[in-house]
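Each remark here refers to the structure printed beneath this line.
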Amino acid sequence: MENQNLNLLDRALGLDGPSEPWPLSGRVVLIEDCVETSGSFVLHQLVKRSLSPTSSNVIIFVAFANPFSHYDRILRKLGCNLVTQRDNKRFIFFDMLMLRCPDEGKSSEGGLVLLYEKILKTICGLPGDKKDYVTIMIDDISLVEVAANGGSDYVLDFLHYCHALTSEFDCSLITLNHEDIYSSMERPTLILQMEYLADILIKAEPLSTGLATDVHGQLTVLNKGTSHRLGRSGNKIHNFHYKVKENTVEYFYPGSRV
Amino acid sequence: MRGSLFESPAWCRVQCQRHCSQTPHKKEVPCVFGRPPQLPITKIIRLSAALLACHRRRSTPTAALSLPPRVCSLPPESLSCRLSTIYSWVRKTKLCSVDAAMATTKPRLSSFSRNLSAVSSSQTPGVKCGPNGTMFVSSGIADLDRYFEILGGGFPLGSLVMVMEDAEAPHHMLLLRNFMSQGLVHGQPLLYASPSKDPRGFLGTLPSPASLKHDKSRDRESEQEKGLRIAWQYKKYMGENQPNFDSHRVTHHYSGADNKQDYCNEFDFRKPLERHYFTRQRVNCVGIQHSKNLAALQEHCASFLAQHQRNDGSSALAGRIAIQSLCAPQCEHSNMDWEMLSFIKSLKGMVRSSNAVVVITFPPSLLSLSSTKRWQHMADTLLSVAAIPDEDKELAKLLSGYQDMVGLLNVQKVARLNTQVPLILEATTFSIKLQKRRFLVLECLNQAPVDGSSGSSYGTSGVFLQLSLTQKCYIEQLRMVSKEMDRAVYMKFGGGEKGRESGNNGKRSETREVSFQMSFTPIFWSVSVNGE
């Protein structure tokens, strides 16, 4: 990791340390975004870092929002070939675009339970050395809710089960959700529970002055309990601006760009 | 073969390869060969840019810019910033790829040429290829296509467009009508769903393409107008960029002779579309008012999209789905929030793998806030229309051309398929006007002339010059203009920032230097120069 170009996001996430053990293993990451600023570029960045040649991660990508071709094209520009990784069994893609849980009356949570079982089976089916470095990515949770016909309880159950996997198998769980959907609700249970569960909270928002071509938005990274070589430290908040490009994303502190 | 205008030498070699199926040229390679390298790099870049401009109109060439080794000895900052201007210029003129290979490496055309071979094979009118392997169909409104030019010009196939209606005015119907007519004119099958009692009857209100004669005269008029509106000094700065503006008025012609084969037609609302366009095979109308839930509509959409499955390499027959007022209160499903969301999600999933565009209009005031946000997140492209009150004096003072405006169109989100880069454009709000009550045009908002006699601090003398600028680079040029004209230049930033930059006129007491914080992008720009 040392010889790679580390940007501010990597440092904020703690990816600037040694790559073994994987700094994110056993941790839950929640990415929040809104209509004006999409947070999917963070997800792409994490995919790229996880699939770097120095690490031996396996990614289970549960996609509700976009098909494989979309991610493939984007990651190719970022320098990561998903087709090869898929063939090498390092990138496992579950296409859930058409998932629709059966209506109430029958087992409403049927679809999500099956999904969880599928994930569990995949992890157990991995060879021994790879089993310790699994990353589960879900894009995105609001569509999981739609697939469950609004049963946010079932979605929460599903997430709790996936969270249990992080302690059982030491895998990391990375999810994306849209924060502005819940900000107008009276009891936004789902997002509050997710924020509580998360070890790392990454929020992508527009600047308070609006959108601009030079600065696409700002990222706030809350890292609960960062662990250094010397031990665990408390919460750390990072805030910086970003600009998304085809091949890379530039992160910089506010005002430090000319 | 040499390009005729550019026999003057530069030692940078520009190779343009044409990939246009419509103009079957042999491989003409305009080359510009050079004198020894005393020629400054800026001149080289300008020459190459102009060379590319003269070929821009006819095709979508790939350009490889290879610079000899002597250039590499230049300090990288100066080289890269100049190269970046030609890159951005070239990208704006829709060239498919520009690669600067520093002489030692060959230009990397292979990945782009794969895309381009798909381009040349697509003979279908009405479908255009764009970056990132996406294909586009016209939205039916030339101004909107032009706005999305940087994307690829139009709506990408496989995307979901949502239009947020204003409950007070039916302007979304104008957009829908243009969209549907454009599809029918190109022979693209259409599925139309509406909560009204007689959806088929709506087809009678679709506009017909305007006659060719009118198009040409309108183009000429508007070009002359543009010429008049620009300050005489400004022309010399705008010289190179002029082709950009001209190209805006030229619709993309495929065969040229036949008006109907234009990528985007101009629609005349006073002329209804000829009946032969909406035969049963091409148009399917579905009423959603009386069905209990959305299952029937979903069936229709599924079978429609199954006919337009995307297979690699096949020529695209695009389809269009237009769903009007999906959550209208007279429909029974209108209070089933999750049902509607589920329908949209499955529709989006189906359309991603097909060659179709779906336009859904809905009134957000009838949904809860969080549902509205969910709908907005599901949209690939999000537009919203708003009505403008008639006789609003404040607005009349603020905006020019207020009398002709019927509404405002706001582009909130633009589809980003196969890419992660967000699209942030300078202007996102347009005024909807019906020119001569026939043609739908979208215009950037312009500030109305300030009333000189009102005694405000703007001063009493003034020629009023209105420009709508959309490019940041003009700020520098504006500074020069203001210094030369010895006048103050006022700029109004849509984001609430007001600034004033003064010229060298010592009489003005307030000479506050505006710090142009480049991280702000105004919603609309208008420049008013007070002269006499």
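Protein chains in written order, with the numbering used here: chain H, 1 to 258; chain D, 1001 to 1532.
By construction, the Cβ of each residue, glycine as well, lies at the ideal position given by its N, Cα and C atoms.
Closest by C-alpha distance to residue i, when choosing among the options
i, options, result
"Arg-1282(D)", "Leu-1191(D), Pro-1422(D), Leu-1176(D), Phe-1202(D)", "Leu-1191(D)"
"Gly-260(H)", "Leu-24(H), Gly-17(H), Val-35(H)", "Residue 260(H) cannot be examined here, being either before or after the span of chain H that is shown, 1 to 258."
"Lys-1197(D)", "Cys-1285(D), Arg-1310(D), Thr-1361(D)", "Cys-1285(D)"
"Cys-171(H)", "Tyr-161(H), Val-83(H), Lys-245(H)", "Tyr-161(H)"
"Leu-1434(D)", "His-1377(D), Gln-1403(D), Ser-1181(D), Asn-1265(D)", "Gln-1403(D)"
"Ala-164(H)", "Glu-205(H), Ile-119(H), Glu-179(H)", "Ile-119(H)"
"Ser-1303(D)", "Lys-1128(D), Ala-1167(D), Pro-1189(D), Phe-1439(D)", "Pro-1189(D)"
"Pro-1422(D)", "Ser-256(H), Gly-255(H), Lys-243(H), Gln-193(H)", "Lys-243(H)"
"Lys-89(H)", "Ser-40(H), Val-113(H), Ile-123(H)", "Ile-123(H)"
"His-1290(D)", "Cys-1327(D), Ala-1322(D), Gln-1307(D)", "Cys-1327(D)"
"Gly-1349(D)", "Glu-195(H), Asn-81(H), Met-96(H)", "Met-96(H)"
CB-CB length for residue i against residue j, believed under 8 Å
i, j, result
"Phe-68(H)", "Ile-92(H)", "The pair is not a contact, with the Cβ atoms about 11 Å apart (cut-off 8 Å)."
"Ile-31(H)", "Val-42(H)", "5 Å"
"Ile-1432(D)", "His-1171(D)", "6 Å"
"Ala-1356(D)", "Asp-1380(D)", "Not a contact, Cβ separation roughly 13 Å."
"Ser-184(H)", "Leu-1369(D)", "4 Å"
"Leu-143(H)", "Lys-1345(D)", "6 Å"
"Phe-1148(D)", "Val-1137(D)", "About 11 Å separates the two Cβ atoms, so there is no contact after all."
"Asn-1418(D)", "Ile-181(H)", "Going by Cβ atoms, the distance from Asn-1418(D) to Ile-181(H) rounds to 25 Å, so no, they are not a contact pair."
Neighbour list for residue i in chain H, Cβ cutoff strictly below 7 Å
i, result
"Val-1421(D)", "Val-244, Lys-245, Glu-246"
"Ser-1353(D)", "Pro-67"
"Gln-1324(D)", "Going along chain H, no residue has its Cβ under 7 Å from Gln-1324(D), so there is no contact; the nearest lies around 22 Å."
"Gly-1349(D)", "Leu-97, Met-98"
Where residue i falls, given that 16 or more other Cβ within 10 Å makes a residue buried
i, result
"Asp-87(H)", "exposed"
"Leu-8(H)", "buried"
"Asn-149(H)", "buried"
"Asp-1390(D)", "exposed"
"Gly-110(H)", "exposed"
"Ser-1111(D)", "The pLDDT assigned to Ser-1111(D) is 38, lower than 50, so where the model puts this residue is not dependable; a value taken from the coordinates is nonetheless given after this. Per the 10 Å Cβ criterion, exposed."
"Gln-1309(D)", "exposed"
"Asp-153(H)", "exposed"
"Thr-84(H)", "exposed"
"Leu-1074(D)", "Per-residue confidence for Leu-1074(D) stands at a pLDDT of 43, beneath the threshold of 50, marking its modelled position as unreliable; the derived number appears in the next sentence. So Leu-1074(D) counts as exposed."
"Glu-186(H)", "exposed"
"Glu-1140(D)", "According to the sequence shown, residue 1140(D) is Gly rather than Glu. Answer is buried; the Cβ neighbour count reaches 16."
"His-1186(D)", "buried"
"His-70(H)", "buried"
"Glu-1165(D)", "buried"
"Gln-1330(D)", "exposed"
"Asn-247(H)", "exposed"
"Ala-1295(D)", "exposed"
"Leu-1203(D)", "buried"
"Glu-1274(D)", "exposed"
"Ser-1181(D)", "buried"
Neighbouring residues, chain D, relative to residue i (Cβ below 8 Å)
i, result
"Phe-41(H)", "Gln-1420"
"Arg-73(H)", "Asn-1132, Gly-1133, Asn-1418, Thr-1419"
"Tyr-154(H)", "Those do not exist, as Tyr-154(H) stays about 12 Å from chain D at its closest Cβ, beyond 8 Å."
"Leu-219(H)", "Going along chain D, no residue has its Cβ under 8 Å from Leu-219(H), so there is no contact; the nearest lies around 14 Å."
"Ile-181(H)", "Ser-1370, Lys-1373, Arg-1374, His-1377"
Bounding residues of the beta strand (DSSP E) (the contiguous stretch that carries residue i)
i, result
"Cys-1301(D)", "Run containing Cys-1301(D): none in the beta strand (DSSP E); it sits in the alpha helix (DSSP H), 1295 to 1306."
"Met-137(H)", "134 to 139"
"Gly-1287(D)", "1283 to 1287"
"Lys-131(H)", "Element bounds for Lys-131(H): n/a, residue is neither H nor E."
"Ser-1368(D)", "Counting along the chain, Ser-1368(D) falls outside any beta strand (DSSP E), and DSSP gives it neither H nor E."
Proximal residues of chain D, C-beta to C-beta of residue i below 7 Å
i, result
"Gly-17(H)", "The premise fails here: Gly-17(H) is roughly 26 Å from chain D at the closest Cβ pair, so nothing lies under 7 Å."
"His-70(H)", "Leu-1417, Asn-1418"
Contacts of residue i in chain H (Cβ-Cβ under 9 Å)
i, result
"Lys-1292(D)", "Under the 9 Å cutoff, chain H gives no residues; its nearest Cβ is about 13 Å from Lys-1292(D)."
"Glu-1412(D)", "Correcting the residue type first, residue 1412(D) is Gln in the shown sequence and not Glu. Going along chain H in sequence order, the residues near Gln-1412(D) (Cβ under 9 Å) are Val-35, Glu-36."
Terminal residues of the alpha helix (DSSP H) in which residue i lies
i, result
"Asn-1410(D)", "Run containing Asn-1410(D): none in the alpha helix (DSSP H); it sits in the beta strand (DSSP E), 1405 to 1413."
"Cys-1264(D)", "Counting along the chain, Cys-1264(D) falls outside any alpha helix (DSSP H), and DSSP gives it neither H nor E."
"Gln-193(H)", "189 to 197"
"Gln-1182(D)", "1171 to 1185"
"Lys-1397(D)", "1393 to 1398"
"Asp-1337(D)", "1337 to 1352"
"Pro-166(H)", "Before going further, note that residue 166(H) is Thr rather than Pro in the sequence given. From DSSP, the alpha helix (DSSP H) with Thr-166(H) extends over 152 to 168."
"Thr-122(H)", "110 to 124"
Contacts of residue i in chain D (Cβ-Cβ under 9 Å)
i, result
"Met-185(H)", "Ser-1368, Leu-1369, Ser-1370"
"Val-146(H)", "Trp-1338, Leu-1341, Ser-1342, Ile-1344, Lys-1345, Arg-1374, Met-1378"
"Ile-191(H)", "In chain order: nothing, as chain D lies at least about 11 Å away."
Partners in chain H for residue i, counting only beta-carbon separations shorter than 8 Å
i, result
"Lys-1271(D)", "What Lys-1271(D) touches in chain H: nothing, since even the nearest Cβ is about 38 Å away."
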